[in-house]
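Numbering (this note's numbering), first residue to last: 74 to 315.
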Ligand SMILES: NC(=O)c1ccc[n+]([C@@H]2O[C@H](COP(=O)([O-])OP(=O)(O)OC[C@H]3O[C@@H](n4cnc5c(N)ncnc54)[C@H](OP(=O)(O)O)[C@@H]3O)[C@@H](O)[C@H]2O)c1
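Structure follows, in structure tokens:
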């Protein structure tokens, strides 16, 4: 079974539906937006998957404990974990509030840590597991106005590599996907002029789709990728070419 944190909208929703199509039983977690989370459940069930939804703040140890108890009761041990829940609170560093730094790190990095720690023992026991952390190209190359977000996403990459090394001989792979610009509500709101300027930095000349991110996540979550671990795969239309 697969758990997708932040599966209520955007990339997480596309990943949950994609894993459901591949035949996985899927649990999603979300923070506050009940309506979109219910949509994900409907979409996953429509393609024939078992799917349940859990409201849980990934930054809270109590919430994460309750999440994994709930998921365990409904589905048994988590075999595939997608750490996707994430937030941004952009500001130039000189104007950044401590809360903006702390909240972004707490959701993106501490959330990934808490959820990964919660599944690891079960995966070690099963001698099989797939963990995919949704980082960002901003974690690879930085971005003005996003020092907090970039630190959290770069932190996820270091975390991915370290945990990958700890569990590589237990049949567990830990990888990261670093999306570039993805078509979401946020990018939909940009003016044509701003979009044109962004497209000039992307060799493929367009934003990616949530399905294109889900494609790579599903690949890394699959049976055939046992020999790929500790990697970060940028899905960014050639923007970074690391
Ligand atoms: N979109 C992009 O262009 C892009 C590019 C690079 C990387 N990423 C990364 O990809 C991931 C998904 O991005 P997205 O654009 O699809 O995001 P999104 O549309 O804003 O959705 C974020 C999801 O995370 C959930 N969430 C937020 N805070 C949470 C918390 N504390 N606990 C549990 N769940 C929480 C949200 O729940 P609610 O719906 O209840 O709020 C929602 O389901 C993020 O990690 C983001 O940093 C996105």
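All C-beta atoms, glycine included, are put in the ideal place defined by N, C-alpha and C.
DSSP state of residue i mapped onto helix, strand, coil
i	result
residue 119	helix
residue 280	coil
residue 102	strand
residue 301	coil
residue 216	coil
residue 77	strand
Buried or exposed by the 16-neighbour rule on C-beta atoms within 10 Å, applied to residue i
i	result
residue 207	buried
residue 254	buried
residue 230	buried
residue 149	exposed
residue 78	buried
residue 36	Past the boundaries of the shown model lies residue 36; the chain is included only from 74 to 315, so the question cannot be answered.
residue 264	exposed
residue 209	buried
Contact set for residue i: own chain, Cβ-Cβ below 8 Å, skip 5 residues either direction
i	result
residue 120	90, 93, 94
residue 295	95, 203
Residue i versus the options, residue with shortest Cα-Cα distance
i	options	result
residue 297	246, 97, 139	246
residue 203	109, 193, 212	193
residue 141	188, 305, 256	188
residue 126	135, 134, 139	139
residue 108	131, 81, 222	81
residue 158	312, 150, 110	110
residue 154	195, 211, 115, 313	195
residue 243	102, 200, 237, 104	200
Cβ pair residue i, residue j closer than 7 Å
i	j	result
residue 303	residue 234	yes
residue 260	residue 280	yes
residue 144	residue 75	no
residue 87	residue 284	yes
residue 219	residue 175	no
residue 216	residue 185	no
residue 252	residue 275	no
residue 182	residue 313	no
residue 290	residue 205	yes
Cβ-based neighbour list, residue i, same chain, cut-off 6 Å, excluding 5 preceding and 5 following
i	result
residue 256	280, 282
Cβ shell of residue i (< 7 Å), same chain only, five flanking positions each side left out
i	result
residue 137	129, 131, 187, 188, 191
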